[in-house]
Amino acid sequence: MAGAISRRSVLAGAAGVAGATVGLGRAGAAGATPAADITAVTGVTVIDAAGGARRHQNVLVRGGHVLDAGDTHRVPVPHGARVVDGRGKFLIPGLADMHTHATEIDPTDPEMYVVNGVTTTRQMSSSDAVRGWRRDIESGARLGPRWAVGSSIVDGAPSLWEGLGVPYIAVADPAQGRAAVRREVEAGADFIKTYTRLSRESFHAIAAESRRAGIPFLGHVPDFVQLTEASDAGLHSIEHLFEFWYDTSRDEQRLRREIARIAIAGGDYAGWFTKLHPIEYAAARSYDKSKAARVFERLARNGTHVTPTLTVHWTCDVPDDVPHDDPRFRYASANTLGYWQWATENIYLKGRTPKESVERRELFARRMRLAGELARAGVPLMTGTDLGTAYLLPGFSLHDELRLLVQAGLSPAQALRAATLEPARSLGRRDQGTVERGKVADLVLLDADPLRDITNTTRINSVFVRGHLIDPAARSRMLAEIEAAVQGIAPTGVVPAAAGCACHGGGAPRMS
Numbered sequence: 001m002a003g004a005i006s007r008r009s010v011l012a013g014a015a016g017v018a019g020a021t022v023g024l025g026r027a028g029a030a031g032a033t034p035a036a037d038i039t040a041v042t043g044v045t046v047i048d049a050a051g052g053a054r055r056h057q058n059v060l061v062r063g064g065h066v067l068d069a070g071d072t073h074r075v076p077v078p079h080g081a082r083v084v085d086g087r088g089k090f091l092i093p094g095l096a097d098m099h100t101h102a103t104e105i106d107p108t109d110p111e112m113y114v115v116n117g118v119t120t121t122r123q124m125s126s127s128d129a130v131r132g133w134r135r136d137i138e139s140g141a142r143l144g145p146r147w148a149v150g151s152s153i154v155d156g157a158p159s160l161w162e163g164l165g166v167p168y169i170a171v172a173d174p175a176q177g178r179a180a181v182r183r184e185v186e187a188g189a190d191f192i193k194t195y196t197r198l199s200r201e202s203f204h205a206i207a208a209e210s211r212r213a214g215i216p217f218l219g220h221v222p223d224f225v226q227l228t229e230a231s232d233a234g235l236h237s238i239e240h241l242f243e244f245w246y247d248t249s250r251d252e253q254r255l256r257r258e259i260a261r262i263a264i265a266g267g268d269y270a271g272w273f274t275k276l277h278p279i280e281y282a283a284a285r286s287y288d289k290s291k292a293a294r295v296f297e298r299l300a301r302n303g304t305h306v307t308p309t310l311t312v313h314w315t316c317d318v319p320d321d322v323p324h325d326d327p328r329f330r331y332a333s334a335n336t337l338g339y340w341q342w343a344t345e346n347i348y349l350k351g352r353t354p355k356e357s358v359e360r361r362e363l364f365a366r367r368m369r370l371a372g373e374l375a376r377a378g379v380p381l382m383t384g385t386d387l388g389t390a391y392l393l394p395g396f397s398l399h400d401e402l403r404l405l406v407q408a409g410l411s412p413a414q415a416l417r418a419a420t421l422e423p424a425r426s427l428g429r430r431d432q433g434t435v436e437r438g439k440v441a442d443l444v445l446l447d448a449d450p451l452r453d454i455t456n457t458t459r460i461n462s463v464f465v466r467g468h469l470i471d472p473a474a475r476s477r478m479l480a481e482i483e484a485a486v487q488g489i490a491p492t493g494v495v496p497a498a499a500g501c502a503c504h505g506g507g508a509p510r511m512s
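Throughout the sequence shown, residue numbering follows UniProt numbering, covering 1 to 512 in sequence.
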């Protein structure tokens, strides 16, 4: 895929063009004034989770950091600085997508993130492409987000991912679970990704080995493990809202016995999705509010983050509601569009009856209420999309997640916190998530107030990425170049070979 990127070097060039366009010089350059390497956003309203909305602010950026930020009377604009007029505009920290599976089908993901204001991503399964993109970004050869890259998916045996082209490790017992952690730590993973079919014993072995290695473990709560048990064991973040219903059901013990009786063959992801549905639906309908409150209090006390990924629940639960003529889909290639259609028909809709469709619509409404209840209970939430699933786009879909979180009951300020400060805290990055002196200059300048209407996060004027300013003209060029690049990818006509998130890489190692 490196060759495909090389043929689209215009995309990487857009980063350099953006920097040149806005006059970002280097300190000590010939003829440079003392402030020539400073960009000042003047008279802007700053919005972040630390100080709320602060009007009439000057924000100075030098290199990759915020040099200073404060009231216009306190923070003067240095003579010779590049000035961006922020009057009537709103400056927020860069956004984070904390659940992605970036795709090799379209090699434009890094640029699509940053033009949409997403400056941090957490890659939930290892990928040669993503590791290569991260090297290019960190070397300055390409403009893209800061990337935390996890392990291969660590699943039980048999694994749901057998034969689907996704890099996974199937572990059959605790010894294999511990070996998987050691292997992935040695390979350089930033965290261990746990998955759905791990046995209880293997899950706890992975937890213990991860703690010993000093690496976070996070992901799916396995079918055979309670949420509170996983949280107490140190699961760093819970991904999706699938497993919440069992811990919060007044009929939990009976339903868990039913789960244990269901056999899922290796590679039968669609079978898992279908066979578990009646049990999940029964659990959701037997929701016990007082029991749920105790579960949520425990998660909050443990500091366990939750990434609801409402966008993926929307596309999986009610795919008929997903518009297939979204104008943003012009940034997806024919191969991606073909994969989306294949995955929807062969994974999420395969075997689905009209009755199940009605039930899944109800489940999605319940998931929305659940996200709101988690927020009100003080459980720290984070934004994530599960990019790699049908009809989700890098960057664009993060704004859909923000909208869904607000519809679920979060305030716009809470939704922004889930996209900025909470991801920074989860990743242990003290220099991100707010707009303050010394913080990383990952910033998004908006033309409208996101606290008034969260959809205003799409009203992007400019983006700072590591201090590099993508101004409106450069942003328009990048979007046009992304569209041209993906439309120029020749259709392969081999959609199933790229299915099951095969875009995450090839090979399916098994621990022995």
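Quick reminder that beta carbons are idealized off the backbone N, C-alpha and C, glycines included.
Bear in mind the structure is a predicted one, so any value in this text is a computation, not a measurement.
Item	Value
Which residue from S397, V486, N346, I454 puts its Cα closest to that of L164?	N346
Got a sec, what are the start and stop residues for the alpha helix (DSSP H) R257 sits in?	252-261
Going by beta-carbon coordinates alone, are D400 and H99 separated by less than 7 Å?	no
With DSSP as the reference, please indicate the residues paired to V130 in a beta bridge.	The partner list for V130 (beta bridge, DSSP) is empty, contrary to what the question assumes.
Taking C-beta to C-beta, are G150 and K193 nearer than 7 Å?	yes
Please find out if some non-hydrogen atom of the ligand MG comes closer than 6 Å to the beta-carbon of Q487.	Although the ligand MG was asked about, the structure shown includes no ligands whatsoever.
Over what stretch of residues does the alpha helix (DSSP H) that includes H204 continue unbroken?	200-213
Go to M382, then tell me how far its alpha helix (DSSP H) extends in each direction, as first and last residue.	Here M382 belongs to no alpha helix (DSSP H), and DSSP marks it neither H nor E.
Should L60 and D68 be called a contact, given that it needs their Cβ atoms to be closer than 7 Å?	yes
Which value, in whole angstroms, describes the spacing of the CA atoms of F90 and A377?	29 Å
Skipping 5 residues on each side, what residues in its chain have a beta carbon closer than 7 Å to that of V406?	P412, A415, I454
Rounded to a whole number of angstroms, what is the C-alpha to C-alpha distance between A375 and T120?	22 Å
Should H79 go down as buried or exposed, given a rule of 16 or more other Cβ atoms within 10 Å for buried?	exposed
Report the option in L241, R146, P93, A293 whose CA atom is closest to the CA atom of F364.	L241
Where H73 and M478 are concerned, what is the direct C-alpha to C-alpha distance, given to the nearest angstrom?	36 Å
For T37, name the three-state secondary structure that DSSP assigns.	Per the sequence presented here, residue 37 reads as Asp, with Thr not at that position. In this structure, D37 counts as coil in the three-state DSSP scheme.
Is the distance from the Cβ of N335 to the Cβ of S231 below 7 Å?	no
With H, G and I counted as helix, E and B as strand and the rest as coil, what does DSSP make of T492?	coil
Put F244 into one of helix, strand or coil per three-state DSSP.	helix
What separation, rounded to the nearest whole angstrom, lies between the Cα atoms of E111 and I482?	8 Å
Return helix, strand or coil for M478, following the three-state DSSP convention.	helix
Closest to R256 by C-alpha separation, out of E436, H236, Q226, A270, would be which residue?	Q226
Going by the DSSP bridge assignment, what does I238 pair with across the sheet?	G219, V306
L310 to F191, Cα distance in whole Å?	23 Å
What does a CB cutoff of less than 7 Å around I279 pick up in its chain, not counting 5 residues either side in sequence?	L255, E258, I259
Among L337, T389, G384, V318, which has the Cα closest to the Cα of S357?	V318
Alpha carbon to alpha carbon, how far is A263 from A180?	24 Å
Give the single residue among R361, G384, Q253 whose Cα lies nearest to the Cα of S426.	G384
To which residues does DSSP link Y287 through a beta bridge?	S249
Kindly provide the ranges of any alpha helix (DSSP H) runs that are 4 or more residues long and lie completely inside the segment 379-431, ordered along the chain.	396-407, 412-419, 421-426
Between R437, S199, T434, N461, which lies nearest to L446 when the distance is taken from Cα to Cα?	N461
How would you call A490, buried or exposed, if buried means at least 16 neighbouring beta carbons within 10 angstroms?	exposed
Which residues bound the beta strand (DSSP E) around V444?	443-446
Give me the residue from R62, G63, D71, L410 with the minimum Cα distance to A53.	D71
Does the beta-carbon distance from T196 to P222 come in below 7 Å?	yes
Mark E201 as exposed unless 16 or more other C-beta atoms lie within 10 angstroms of its C-beta, in which case mark it buried.	exposed
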